[in-house]
Every structure is written in C-alpha cells, then in structure tokens.
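A.B. asks:
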Amino acid sequence: EAGVAQSPRYKIIEKRQSVAFWCNPISGHATLYWYQQILGQGPKLLIQFQNNGVVDDSQLPKDRFSAERLKGVDSTLKIQPAKLEDSAVYLCASSLGTETEETQYFGPGTRLLVL
Amino acid sequence: AQSVTQLDSHVSVSEGTPVLLRCNYSSSYSPSLFWYVQHPNKGLQLLLKYTSAATLVKGINGFEAEFKKSETSFHLTKPSAHMSDAAEYFCVVSVSGNQFYFGTGTSLTVIP
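Note that the protein sequences, when read in sequence, are chains R and Z.
Note that the working numbering gives residue 46 to position 29 of the first sequence, counting from 1, and the numbers run on in steps of one.
Note that the working numbering gives residue 85 to position 8 of the second sequence, counting from 1, and the numbers run on in steps of one.
1) At a CB distance below 9 Å, what residues from the stretch 125-156 of chain Z approach chain R? Give them in sequence order.
2) So residue 120 of chain R contacts chain Z; which residues on that side make the cut at Cβ distance below 8 Å?
3) At a Cβ cut of 8 Å, what residues of the stretch 59-83 of chain R count as close to chain Z, listed as they run along the chain?
4) For the stretch 78-129 of chain Z, list the beta strand (DSSP E) runs that are entirely contained and at least 3 residues long, ordered along the chain.
5) Anyone know if the C-beta pair for residue 100 of chain R and residue 32 of chain R falls short of 8 Å?
6) Have a look at the DSSP bridge pairing and note the partners of residue 70 of chain R.
7) By alpha-carbon positions, which one of R:47, R:122 and R:131 ends up nearest to residue 202 of chain R?
8) For residue 129 of chain Z, which of Z:158, Z:165 and Z:108 has the nearest alpha-carbon?
9) Shorter than 8 Å from the beta carbon of residue 125 of chain R to some beta carbon of chain Z?
10) Could you check the C-alpha separation between residue 180 of chain Z and residue 84 of chain Z for me, to the nearest Å?
11) Find the residues of chain R that neighbour residue 82 of chain Z, judging by a C-beta separation of less than 7 Å, and give them in chain order.
12) Tell me which residues share the same chain as residue 89 of chain R and place their Cβ nearer than 7 Å to its Cβ, disregarding the 5 neighbours each side in the sequence.
13) My assumption, with CB atoms under 8 Å, is that residue 88 of chain Z sits in contact with residue 185 of chain Z. Please give the rounded CB distance.
14) On the criterion of 16 or more Cβ atoms from any shown chain inside 10 Å, does residue 42 of chain R qualify as buried, or is it exposed?
15) Under 7 Å Cβ-Cβ, which residues of chain R neighbour residue 181 of chain Z?
16) Looking only at C-alpha atoms, which of Z:188, Z:172 and Z:135 sits nearest to residue 160 of chain Z?
17) Whose C-alpha, out of R:79, R:78 and R:49, is nearest the C-alpha of residue 66 of chain R?
18) Would you decide whether residue 157 of chain Z is buried or exposed? Buried here means 16 or more other CB atoms lie within 10 Å of its CB.
19) So is residue 97 of chain Z buried or exposed if we call it buried at 16+ other beta carbons inside 10 Å?
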C-alpha cells in the first residue's frame with residue numbers, strides 16, 4: 018500500500034515570497050491533516066479536512082496560510098507571504114477518519130527554510 | 078480542551094535496560110491516546126494507541142503503554158532498550174478523531 022506522498026521534500030525561499038506544498042493521502046482516507054513542526058517542538062495541527070470540508074483550522078494563521086482539498090483527495094498548503102518564523106517541517110497525514118479508526122499515517126514532510 | 082505533557086525532554090538509558098517515557102494528558106472527554114516515534118530524517122510512525130479498550134496496550138518493537146485514568150497518565154515502556162530505539166517519541170491525545178494534540182517530545186538516547 019502506498020503511503021502519504023508529499024512534495025517537494027525541501028524548499029528554500031526568501032521572506033515575503035510565496036510557497037506551496039502538495040500532499041497525496043493514502044487511497045480511501047477521508048481525513049487529511051497538515052501539521053507544522055518547528056525544530057525542537059512537537060507537530061502542531063494547522064488544518065484538518067474531512068473529505069473536502071474543513072473540520073478544524075483554529076490554529077491556521079489565516080492571514081498568510083491557506084489550504085484546500087479539492088475533490089476530497091489531494092491537498093495543497095500555501096504560505097503567502099512567508100516569514101522567517103515559518104521555517105519548519107510541514108507534515109501531511111491521513112486517516113480513515115472513523116471513530117473506530119483514527120490512526121494517522123504521516124508523509125515524510127516538506128522542510129521549509131525561509132531566509 | 079485537550080493537552081499532553083511529556084515530563085522528560087531527554088531520556089538516556091543503557092542498551093538492555095528498561096525504558097520509561099512519561100506522558101500525562103488532560104481531556105474533558107474520553108480521549109484516544111497515541112505514541113508516535115520519529116527517527117532522524119524519517120516520518121512519524123505509530124507505535125501504539127489506546128481507544129477505550131484494554132488499558133494495557135501493546136505496540137510494535139516491544140513497546141507497551143498503560144492507560145491510567147486515575148493518574149491521567151499514558152507512560153510508554155519497554156523492558157530492554159535496543160540501539161535502534163534511539164529516536165524522538167511523541168505522546169498524542171485526541172477526542173473522537175478530532176483535535177489532535179502532540180506533546181513536545183522526548184528524545185531517547187541509548188548508550189551501548
């Protein structure tokens with residue numbers, strides 16, 4: 018079974034530039050998550066989708082971050098404009114999304130460096 | 078509101094000795110609890126999970142954890158550490174598949 022795919026794996030940009038990350042979840046997984054993991058910290062949930070609807074985006078900095086999951090499969094996370102403090106690993110995860118099966122499977126992450 | 082506290086940021090053990098990584102949680106509802114492991118430059122991998130069934134949960138690679146409601150704890154243990162166990166470990170709480178909260182992580186070092 019293919020895992021969660023993310024691209025790119027690495028990205029270096031200058032502050033005030035824009036960047037986008039892509040995630041392809043495990044086939045059949047209804048729920049998709051985006052996390053931000055700053056060096057030395059645990060992952061912080063940015064946004065959670067159930068199919069193509071947003072379940073939780075309470076910790077998403079909406080002035081600069083946006084995410085979409087058109088057609089309920091792939092998802093993109095965008096930062097515009099980027100700040101230095103956005104340097105982090107951005108993790109995508111997916112799960113079946115049922116109450117009895119909520120285990121999340123993580124992709125390898127995209128490491129972002131903002132200069 | 079939900080939260081987790083990992084009581085140790087770093088734990089160091091000798092190979093072959095027991096491992097104890099401590100996690101306390103706070104939840105207004107019946108939580109689900111998870112332990113994930115993150116090896117350097119690799120993705121997060123599920124070790125084990127508690128979802129209101131047996132309180133003693135067995136996971137992969139010989140790890141297990143016990144859910145203690147009275148102590149609001151979900152400590153991770155392993156009888157004998159192996160060099161390959163060196164990694165970052167995260168305790169996670171959620172309610173009904175939503176609002177996942179990660180702890181700050183515990184870095185495990187295994188001394189040969």
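Don't be surprised by glycine CBs; every beta carbon is placed ideally from N, CA and C.
All figures in this text were calculated on a predicted structure; none of them were measured in a lab.
C.D. replies: Taking the geometry as given:
1) Of all residues in the stretch 125-156 of chain Z, 126 and 128 have a Cβ within less than 9 Å of some Cβ in chain R.
2) As a working mapping, residue 120 of chain R is identified with position 103 in the first sequence. The answer, in chain order, is 111, 123 and 126.
3) 59, 60, 61, 62, 65, 72 and 73
4) 80-83, 87-91, 96-98, 100-103, 109-115 and 121-127
5) Locating residue 100 of chain R in the first sequence gives position 83, where the first residue counts as 1. Locating residue 32 of chain R in the first sequence gives position 15, where the first residue counts as 1. Yes, they are a contact pair.
6) In the first sequence, residue 70 of chain R corresponds to position 53, counting from 1. Residue pairing by DSSP puts residue 70 of chain R in a beta bridge opposite R:67.
7) This structure cannot settle anything about residue 202 of chain R, because the visible part of chain R is limited to 18 through 132.
8) Numbered from its first residue, the second sequence carries residue 129 of chain Z at position 52. Checking every option, the nearest Cα to that of residue 129 of chain Z belongs to Z:108.
9) Within the first sequence, the letter at position 108 stands for residue 125 of chain R. Yes, residue 125 of chain R lies at the interface with chain Z (some Cβ there is under 8 Å from its Cβ).
10) Counted from its first residue, the second sequence places residue 180 of chain Z at position 103. Counted from its first residue, the second sequence places residue 84 of chain Z at position 7. Those two C-alpha atoms are separated by around 9 Å.
11) Looking up residue 82 of chain Z in the second sequence gives position 5. Going along chain R, no residue has its Cβ under 7 Å from residue 82 of chain Z, so there is no contact; the nearest lies around 11 Å.
12) Here residue 89 of chain R refers to the residue found at position 72 of the first sequence. Taken in chain order, the residues that qualify are 68 and 69.
13) Position 11 of the second sequence holds residue 88 of chain Z. Position 108 of the second sequence holds residue 185 of chain Z. With 8 Å as the limit, residue 88 of chain Z and residue 185 of chain Z qualify as a contact, their Cβ atoms being about 5 Å apart.
14) Within the first sequence, residue 42 of chain R is the residue found at index 25, counting from 1. With at least 16 other beta carbons inside 10 angstroms of its own, residue 42 of chain R counts as buried.
15) Indexing the second sequence from 1 puts residue 181 of chain Z at position 104. Per Cβ cutoff of 7 Å: 58 and 59.
16) Residue mapping note: residue 160 of chain Z aligns to position 83 of the second sequence, counting from 1. Closest option to residue 160 of chain Z, Cα to Cα, is Z:188.
17) Counting from 1 along the first sequence, the entry for residue 66 of chain R is found at position 49. Nearest C-alpha to residue 66 of chain R: R:49.
18) Taking the first residue of the second sequence as position 1, residue 157 of chain Z is located at position 80. Exposed: under 16 other Cβ atoms inside 10 Å.
19) Translated into positions along the second sequence, residue 97 of chain Z becomes position 20. Exposed is the call here.
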